[in-house]
Structure formats: C-alpha cells, structure tokens
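What follows is one structure encoded as structure tokens, with my remarks underneath.
Residue numbers (this note's numbering), protein chains in the order written: chain A, -10 to 104; chain B, 5 to 120.
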C-alpha cells in the first residue's frame, strides 16, 4: 500500500463547476499537507498549505484536512479553463533535525475544465 | 519573491556526454532539493542539501553527481546517462528551519532532459 493515494483521473468538468480533489494517507505522523498545481511541462506551484486538521480558504480554493480519517481535500469553486492542470497532494512530518523536510507526493490528478 | 530558477530549460545529450544542470535561489533558503519527474508521475526525490551539506541521497546512481557550491546555488552533474534517465529534473528550496514545523518547498520550472 502506498503512503499516499490519489486518483490520477483524468477529471473533466464544465466551466463554473465545483471541483473536489482528494487524497488519503496511511502514515499518522503526517501533520503538514500541501497542494501543488502543475501545468504541463512546468514545475509544481505551491497552491495551499495546511497544518493538522481543519479548513483553509484562499480565493476560489479551499483545503480541508481530516486527520481522524486520514483524508485531505482541495475544492475549487467556479472552475475556469485556466485551472486545467495536474494537482499533486503532498505531505510531511516535522522538519528533520538537519533542517529539511521530505515530502511524500500523491500520484497527481489531471483536471480538465472545458468551456 | 518565491522564485527558483533553473538552466537550461531543455537539454539533449548523448550517452557519452558530460553536462550540468544549474539551480539558483535568492530567498535565503538553506535547504535545496533535486527531484526527477517522469511523465504522468509525481516528483521523485533524488538529493537534499541542508546548509550546503548533502543530507539525503536516495540511492541515486553515481552517474548523477550533485554539488552545492554555496547557499544559493545547486548543480547536478551528469555523465554517461542512459535513455531511461530522460525526464524533467526539478530543483526546489525551502527555508530549512528546525523549528519543529515543516517548511514549504518551492519548485523551479525544471530542465527537460533527453538522453539519446
């Protein structure tokens, strides 16, 4: 079993739809949860960062973490064609004593928003 | 500014060539990372430098040789690569604080490497 599971899609939605992207994980030591957006042939761009359980909202994006269920979600409201990209969840435990952290990525979900 | 720059953007090399990938950040970050990403796969960690010292080598073949000349620069030296090494090579950096919290990684645009 992988430490982080994410449905690779593809997910195709009409413009204006609410998109729900999800990841599950098995390691209860994970406390820090991130969503990255990656456009084709580009580097991942940090979208949302959440510590422990709860919700975080930034514009049209909402990140949710449910540590009791080991489940995280990213919601995109009023989706736009420019949101078409691969969305990667990533998570980590605390920073190592050496001052770095090791991210564990999900497989990434490919999202296509059509006009 | 959360910019990590990488050069070159594209690189084509033969299996006998020696080439280098470069990464630069001016955010004062003290941890820098090399990742390899194949198509439709997530990034795979290769190396981590923390305070200019190699902290993690994820059992990467010796034909990949990292170097961290100073806190802003990270190089990846390539020699005698194989066609299966063709991929997007990503550099990332993070603050590197040991506050008990994690710190977020910021990625560069990547170098697309093709080995013939």
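Ideal placement from N, C-alpha and C gives every residue a C-beta, glycine not left out.
Note that the coordinates shown come from a computational prediction; the quantities given were computed from them, not determined experimentally.
Relative to residue 63 (chain B), the option among B:51, B:72, B:57 whose CA is nearest is B:51.
Taking residue 37 (chain B) as reference, the option from B:28, B:13, B:88 with the minimal CA-CA separation is B:28.
By the beta-carbon neighbour count (other beta carbons within 10 angstroms, threshold 16), residue 70 (chain B) is buried. For residue -8 (chain A), the secondary structure class from DSSP, reduced to helix, strand or coil, is coil.
In the same chain as residue 77 (chain B), and ignoring 5 residues on each side of it, the C-beta atoms closer than 6 Å to its own belong to 28, in chain order. With the rule of 3 Cβ pairs closer than 8 Å, the segment 35 to 53 of chain A does not count as touching the segment 1 to 8 of chain A. Collapsing the DSSP output to three states places residue 89 (chain B) in a helix. Residue 67 (chain A) carries a coil assignment under DSSP once its states are collapsed to helix, strand and coil. With respect to chain A, the C-beta atom of residue 110 (chain B) has a partner C-beta closer than 8 Å. In its chain, beyond the 5 residues on either side, 34, 56 have a beta carbon closer than 7 Å to the beta carbon of residue 75 (chain B).
Runs of the beta strand (DSSP E) spanning 3 or more residues and lying entirely within the segment 13 to 57 of chain A occur at 21 to 27, 34 to 40, 43 to 47, 50 to 55, in chain order. Nearest CB-CB separation between residue 43 (chain A) and chain B: not below the 8 Å threshold. Under DSSP, residue 80 (chain B) shares a beta bridge with B:25, B:70. Per DSSP, residue 73 (chain A) lies in no beta strand (DSSP E) and is assigned neither H nor E.
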